[in-house]
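Visitor: Attaching a single structure in structure tokens format; questions to follow.
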Amino acid sequence: MYTPSYFRETRIEALHGLIRDCPFATVVVQTPDGLSANHLPFERMDAVLHGHVAGGNELARMDGAEVLLIFRGPHGYISPNWYPTKHETGREVPTWNYAVVHVHGRLKVIKDAQWLRRFLETLTDRHEAGQPKPWHVGDAPEDHITGSLRGIVGIEVAIERIEGKFKLSQNHPDGNRAGVIAGLRQRDADGDRELAELMLRQEVARP
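Residue -11 is where the sequence shown starts when you use this note's numbering, and the numbers rise one by one after that.
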């Protein structure tokens, strides 16, 4: 991934934080027919990412394959009208701010029913936590759960390499970055508040 030094994010807590907050990843793998991409939610346990796929998914037959996982965080269009320098010189253009994490590793396929059940309990408990009455795996009839588990396999990806690109106007002066944050908050389109909050956290972390 092309990453100028001022956009490179190396803080492991920031990389893990994006994976936690935006766990739906694109999984890219080389197949005999060319590159293939699948889209899956993951759970991170230390340096290992856990997921699951349908038994018919090509990933279920690719144990040991090299994979690239792409986690995309907040992103959005940045208007040059938000830059104070635009009003001073006119020499500004639009851009797009975003944060992404790339994880490289090898796929491990897991067909153990107990592993799968534990993983699905963890996954659903996390994402049901905000519901008024959270659903639990045990709420469904046991024969239905058992049948559903037969149709899926687990996957693990041990993180061999991780890289982050947080393009958040770091190449602009303080006033422009403040203008972008204010502009995002005022526009308040889908994801704008999350992007503004990420930029604010980045400001706090600046040396």
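Quick reminder that beta carbons are idealized off the backbone N, C-alpha and C, glycines included. Since the structure is predicted, the reported quantities are computational estimates derived from the model, not experimental observations.
Check this for me: beta carbons of I169 and A184, under 7 Å apart or not?
Guide: Yes. Within cutoff.
Visitor: For F107 versus H27, is the C-beta spacing smaller than 7 Å?
Guide: Result no, Cβ atoms of F107 and H27 do not sit closer than 7 Å.
Visitor: Keeping to the same chain, check which residues put their C-beta closer than 6 Å to that of D180; ignore five residues upstream and five downstream.
Guide: Answer for D180: G64 and L172, listed in chain order.
Visitor: Is the stretch 85 to 97 close to the stretch 44 to 54, with three or more CB pairs under 8 Å?
Guide: Yes, the stretch 85 to 97 touches the stretch 44 to 54.
Visitor: Across the stretch 139 to 152 and the stretch 33 to 50, are there enough close Cβ pairs to call them in contact, namely three or more that are closer than 8 Å?
Guide: Yes, the stretch 139 to 152 touches the stretch 33 to 50.
Visitor: So if DSSP puts A25 in a beta bridge, which residue, or which two residues, is it bridged to?
Guide: The partner list for A25 (beta bridge, DSSP) reads V16.
Visitor: How long is the line joining the alpha carbons of V15 and R105, rounded to whole angstroms?
Guide: For V15 and R105, the distance between alpha carbons rounds to 22 Å.
Visitor: Under DSSP, the beta strand (DSSP E) around G64 begins and ends at which residues?
Guide: Element bounds for G64: E54 to I66.
Visitor: Could you tell me which residues DSSP pairs with A87 in its beta bridges?
Guide: BP columns for A87 point to F154.
Visitor: What does the Cβ neighbour count give for N85, buried or exposed, with the cut at 16 atoms within 10 Å?
Guide: Buried, by the Cβ-count rule.
Visitor: Going by DSSP, what residues sit across from A177 in a beta bridge?
Guide: None, per the DSSP bridge assignment.
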